[in-house]
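With full-length UniProt numbering as the guide, the letters of the sequence shown map in order to residues 1 to 115.
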Amino acid sequence: MIDFACKEFKIKDVIKCALNLTRADMKVLEYFFEEPDIWSKTEQIATLTELDLSTVQRSVKKLHEKGILTKSQNNLDGGGYSFIYRINNKAEIKELIMGIVSKWVAKVEQELEDW
Numbered sequence: 001m002i003d004f005a006c007k008e009f010k011i012k013d014v015i016k017c018a019l020n021l022t023r024a025d026m027k028v029l030e031y032f033f034e035e036p037d038i039w040s041k042t043e044q045i046a047t048l049t050e051l052d053l054s055t056v057q058r059s060v061k062k063l064h065e066k067g068i069l070t071k072s073q074n075n076l077d078g079g080g081y082s083f084i085y086r087i088n089n090k091a092e093i094k095e096l097i098m099g100i101v102s103k104w105v106a107k108v109e110q111e112l113e114d115w
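#1: So Leu53 packs on Thr42, CB below 8 Å; how close in whole Å?
#2: Within the same chain, show all residues whose beta-carbon is closer than 6 Å to that of residue 119, passing over the 5 residues directly before and after it, in chain order.
#3: In chain order, which continuous runs of the beta strand (DSSP E) of length 3 or greater are located wholly inside the segment 36–78?
#4: Quick check: the Cα distance between Tyr85 and Val105, rounded to an integer number of angstroms?
#5: Would you list the one or two residues that DSSP bridges to Arg86?
#6: Do Ala24 and Leu51 count as a contact pair if the criterion is CB distance below 8 Å?
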């Protein structure tokens, strides 16, 4: 927990807010935190998180676009392909979040200065 004056924040809430994630996005992200070295298909994630497949597909797309997940194409023997996903290095994700938090701090400093 982070104690900020009159309110305590759970780190998961800071991550969710900083990255602008939905509850479903956060559930998918938590899945990847628990399985950092495993490449996963959306169907597998949907089953294990008990989320609808289309919800998981939207979440992994969003997390990939934000640079949190790596996407790889898995070619199928009979033709076609599917995508698999893995979480990026936790240090990279931390750096991304800290950059956002630093912008918040700068904004608060500016607002206080203007006040």
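In this text, a Cβ means the ideal position worked out from N, Cα and C, and glycines have one as well. Predicted, not measured: the structure shown is a model, and the values here were computed from it.
The relevant details are as follows:
#1: 6 Å
#2: Look at the range of the chain in this structure, 1 to 115, and you will see that residue 119 is not part of it.
#3: 69–75
#4: 32 Å
#5: As computed with DSSP, Arg86 is found in a beta bridge with Thr70.
#6: Pairing Leu51 with Ala24 gives a Cβ-Cβ distance under 8 Å.
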